[in-house]
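So the sequence shown is numbered by my numbering: it starts at 11 and just counts up by one.
Heads up, the beta-carbon is just placed ideally off N, CA and C, and yes, glycines get one too.
Bear in mind the structure is a predicted one, so any value in this text is a computation, not a measurement.
To keep things clear, I will list the structure first and then write my remarks on it.
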Amino acid sequence: MNEAIIEEWAEATAQAYNDSLSGLDLARVPKAVRAFIELYGQSKDMTFNSDYSPIDYFEEHPASAIGIILDTPEALELLDDDEEEALEDILGFAEAWAEFDSNQQPDLGISEADDDDDTEW
């Protein structure tokens, strides 16, 4: 995926959240879902890009927003059956993407500099 489409995914994710980022903005969920569906149509045959992540542009990954929407009965009431089904399909893609992004992060732990220090405690 290129940077522009990844940024669009981040924008759709931001659309779903309320201004304080503490949960969904139910009034904006239908528009966000339509954006997720459209973006999935454009992205599903592309490979993930290790150079860019949606969390570079917004603090939550699309997988988080989609999962919250699917787990919120009030949000599901705003969607028609086709949108809900599409969102369920997109969740698998988004979770795989989140896992890919997670695997791109450096491992935190003992550095080589720590290995060089043979001091006994």
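Practice prompt. Within the same chain, show all residues whose beta-carbon is closer than 6 angstroms to that of I47, passing over the 5 residues directly before and after it, in chain order.
Written response: Numbered from its first residue, the sequence shown carries residue 47 at position 37. Taken in chain order, the residues that qualify are A96.
Worksheet entry | Pair within 9 angstroms by beta-carbon distance, A14 and A45 | Counting from one through the sequence shown, the residue named residue 14 turns up at place 4. Counting from one through the sequence shown, the residue named residue 45 turns up at place 35. No, the pair does not count as a contact, with Cβ atoms beyond the cut-off.
Worksheet entry | Where the alpha helix (DSSP H) through F110 begins and ends | The residue given as residue 110 occupies position 100 in the sequence shown. Run containing F110: D91 to Q114, per the alpha helix (DSSP H) assignment.
Practice prompt. Would you identify the three-state DSSP class for L86, choosing helix, strand or coil?
Written response: To locate residue 86, count along the sequence shown from 1; it is residue 76. Reduced to three states, the DSSP call for L86 is helix.
Practice prompt. Alpha carbon to alpha carbon, how far is P40 from L86? Give it in angstroms, no decimals.
Written response: On the sequence shown, position 76 is the one that residue 86 refers to. On the sequence shown, position 30 is the one that residue 40 refers to. C-alpha separation (whole angstroms): 9 angstroms.
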